[in-house]
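According to this note's numbering, the residues represented by the sequence shown are 492 to 881, in order. Working notes, beginning with the structure itself.
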Amino acid sequence: MRYLTAGESHGPQLTAIIEGVPAGMPLIAEDINKELARRQKGYGRGRRMVIEKDQVQIKSGVRHGFTTGAPLTLVIENNDWKHWTKIMGSEPITEEEEKEMKRVITRPRPGHADLNGAIKYGHRDMRNILERSSARETTARVAVGAVAKKILSMFNIQVGGHVLVIGGVEAKAVDYESVEDLKARSEQSPVRCLDPEAEKKMIEAIDQAKKNGDSIGGIVEVVVEGVPIGLGSHVHYDRKLDGKIARAIMSINAFKGVEIGIGFEAAYLFGSQVHDEIVWDEENGFNRRTNRLGGFEGGMTNGMPIVVKGVMKPIPTLYKPLESVDIETKEPFTASIERSDSCAVPAASVVAESVVAWEVANEFLNKFGEDRVSEIGENYKKYMEYARTF
Ligand SMILES: Cc1cc2nc3c(=O)[nH]c(=O)nc-3n(C[C@H](O)[C@H](O)[C@H](O)COP(=O)(O)O)c2cc1C
Ligand SMILES: C=C(O[C@@H]1CC(C(=O)O)=C[C@@H](OP(=O)(O)O)[C@H]1O)C(=O)O
492 MRYLTAGESH
502 GPQLTAIIEG
512 VPAGMPLIAE
522 DINKELARRQ
532 KGYGRGRRMV
542 IEKDQVQIKS
552 GVRHGFTTGA
562 PLTLVIENND
572 WKHWTKIMGS
582 EPITEEEEKE
592 MKRVITRPRP
602 GHADLNGAIK
612 YGHRDMRNIL
622 ERSSARETTA
632 RVAVGAVAKK
642 ILSMFNIQVG
652 GHVLVIGGVE
662 AKAVDYESVE
672 DLKARSEQSP
682 VRCLDPEAEK
692 KMIEAIDQAK
702 KNGDSIGGIV
712 EVVVEGVPIG
722 LGSHVHYDRK
732 LDGKIARAIM
742 SINAFKGVEI
752 GIGFEAAYLF
762 GSQVHDEIVW
772 DEENGFNRRT
782 NRLGGFEGGM
792 TNGMPIVVKG
802 VMKPIPTLYK
812 PLESVDIETK
822 EPFTASIERS
832 DSCAVPAASV
842 VAESVVAWEV
852 ANEFLNKFGE
862 DRVSEIGENY
872 KKYMEYARTF
């Protein structure tokens with residue numbers, strides 16, 4: 492499969508086109524809407540989330556509740572567009588009209604794409620950069636991820652996420668029985684954290700940061716359960732699924748680091764403390780005693796849950812702004828802002844689930860077929876029996 496997204500933060504809509512979704516899969520708007528709603532929730536978000544009520548329109552590729560195998564077009568309208576039709580319209584405007592609006596952005600915000608993008612693309616109005624670099628785009632990626640989750644769920648592969656750290660407050664290691672359990676419990680928390688003590692402190696940390704005109708980041712974790720052995724491949728750098736997942740996580744706005752399994756902790760341990768011993772029994776075939784490597788060896792899944800963490804930096808737009816330089820006057824300034832999130836880590840955990848789900852679903856179809864669900868099911872069943880009795 493492949494996909495593209497299009498759309499500006501304050502433009503009329505976001506669009507995603509997905510190619511390669513197998514035919515015969517049940518899919519309705521609600522499958523996608525429930526994921527969009529999850530992304531919109533989360534303590535610490537700004538006023539924009541009050542305006543938006545994200546709802547998908549499935550414009551192609553689905554008929555009477557089933558995919559046809561044709562490209563899927565997903566559209567999510569921006570409610571905020573009605574306030575921006577002049578500024579964001581596609582028709583030409585005069586210089587006078589532009590001046591009248593006084594909305595030309597010449598002051599780049601540190602931590603955003605503004606300055607680099609303006610220089611690269613030759614824009615003197617940095618709105619032409621910030622509109623597309625905005626994390627509003629992650630709405631489209633969550634819609635795409637919902638389709639990927641749907642594919643995976645047909646084969647009992649579950650994807651869940653939760654928040655481990657916000658603003659330095661760390662959740663203690665909490666046991667969960669399954670990804671279903673993890674999902675249900677993180678859903679109850681306004682910061683998607685399973686540890687109630689930490690949850691309280693995280694909320695306080697967000698409130699404090701907001702009060703100080705500042706922002707905070709954190710760490711999210713995504714777990715994928717029910718993964719067969721052998722997704723991805725060792726034979727080429729660009730077929731390694733752990734590499735694809737790492738790229739996907741790093742592509743989320745504001746993500747600055749990624750870990751698979753114990754990740755960076757491996758630097759402090761002996762080999763005997765890191766590698767997952769192999770066991771075998773008649774009923775299940777090969778298995779592992781532990782899952783320190785997060786479900787991967789050689790760029791391929793090893794049948795253990797995929798465990799991946801991502802680090803989100805604090806939101807760059809601050810009510811207590813940082814110094815920058817106007818690109819026209821070359822004068823230093825400290826920016827004033829209208830609105831921003833103070834913490835979007837809980838929302839970002841849903842985005843992380845979505846991009847990981849996409850990579851796993853894509854690899855799943857690479858292995859078991861792309862055309863129709865029933866054929867994929869037969870191939871999958873045969874392979875699972877083959878692997879169990881290997
Ligand atoms: C869900 C989500 C919401 C975000 N909300 C904001 C926001 O309200 N204000 C802001 O300045 N940055 C926000 N960001 C982060 C910026 O989009 C991001 O830092 C910026 O595009 C620069 O990209 P980079 O940090 O990956 O280099 C958000 C990110 C995510 C994932
Ligand atoms: C719109 C979303 O997030 C936005 C991401 C974002 C940014 O700079 O990345 C800035 C804010 O937008 P605005 O400038 O309109 O207030 C966030 O609200 C969303 O997540 O749907």
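Even for Gly, the Cβ is constructed at its ideal location relative to N, Cα and C. No experiment lies behind these values; they were computed from the predicted model shown.
As summarised for the stretch 771-815, the continuous beta strand (DSSP E) elements at least 3 residues long and confined to that stretch are 776-779, 797-803, given in chain order. The distance from the Cβ of Met516 to that of Phe557 is about 7 Å, consistent with a contact at the 8 Å cut-off.
Annotation for Glu543 indicates a beta carbon within 7 Å of some heavy atom of ligand 2.
A direct Cα-to-Cα measurement between Ala758 and Glu750 gives close to 12 Å. The alpha carbon of Lys735 has as its nearest neighbour, out of Ile610, Arg600, Asp698, Asn853, the alpha carbon of Asn853. Residue environment for Phe824: exposed (fewer than 16 other C-beta atoms within 10 angstroms of its C-beta). The three-state secondary structure of Lys550, taken from DSSP, is strand.
By the Cβ criterion, the stretch 833-846 is in contact with the stretch 705-714, since at least three pairs of Cβ atoms, one from each stretch, lie closer than 8 Å.
Going by DSSP, Tyr494 is part of the beta strand (DSSP E) stretching over 493-497. Taking the C-beta atoms as reference points, Ser831 is found no nearer than 8 Å to Pro599. Annotation: the continuous alpha helix (DSSP H) that includes Ala739 extends over 732-741. In this structure, Gly748 places its C-beta atom within 8 Å of the C-beta atom of Gly801. The way I'd put it, the stretch 654-670 doesn't touch the stretch 850-865; fewer than three beta-carbon pairs between them come closer than 8 Å. CA-CA distance, Asp698 to Glu678, rounds to 21 Å. Less than 8 Å divides the Cβ of Val847 from the Cβ of Val650. Val726 and Glu844 have their C-alpha atoms roughly 26 Å apart. Per the coordinates, the alpha-carbon of Ala637 lies some 15 Å from the alpha-carbon of Gly552. Leaving aside the five residues that flank Pro681 on each side, the residues in its chain whose CB is nearer than 6 Å to its CB run, in chain order, Tyr534.
Val670 carries a helical assignment under DSSP once its states are collapsed to helix, strand and coil. Assignment of Leu565 by DSSP, reduced to helix, strand and coil, places it in the strand class. Beta-bridge annotation (DSSP): His653 is paired with Glu712.
Along the stretch 568-638, the alpha helix (DSSP H) occurs as fully enclosed runs of 4 or more residues at 576-579, 586-592, 605-612, 618-624, listed in sequence order. About 5 Å separates the beta carbon of Val665 from that of Asp686, a gap short enough to meet the 8 Å contact definition. Judged by their CB atoms, Val566 and Thr629 are not nearer to each other than the 8 Å cut-off. For Gln546, the CB contacts under 6 Å within the same chain, skipping 5 residues up- and downstream, are Asn524 in chain order.
Ligand 2 has a heavy atom closer than 7 Å to the beta-carbon of Thr808. Boundaries cannot be given for Glu768, as no alpha helix (DSSP H) includes it and DSSP labels it neither H nor E. Assignment of Phe824 by DSSP, reduced to helix, strand and coil, places it in the strand class. Closest in C-alpha terms to Val633, from the list Ser833, Leu495, Lys811, Gly717, comes Leu495.
Following the DSSP letters along the chain, one finds Phe859 inside the alpha helix (DSSP H) bounded by residues 836-859. A distance of 8 Å or more separates the beta carbons of Lys641 and Asp733. Note on Asn703: under 16 other CB atoms within 10 angstroms of its CB, so exposed under the neighbour-count rule. If you ignore the 5 residues before and after Ile818, its C-beta comes within less than 8 Å of the C-beta of Thr597, Arg598, Pro599, Leu606, Ala609, Arg615, Met617, all in its own chain and listed in chain order. Secondary-structure assignment with DSSP links Ala662 through no beta bridge to anything. Residue pairing by DSSP puts Glu510 in a beta bridge opposite Arg493.
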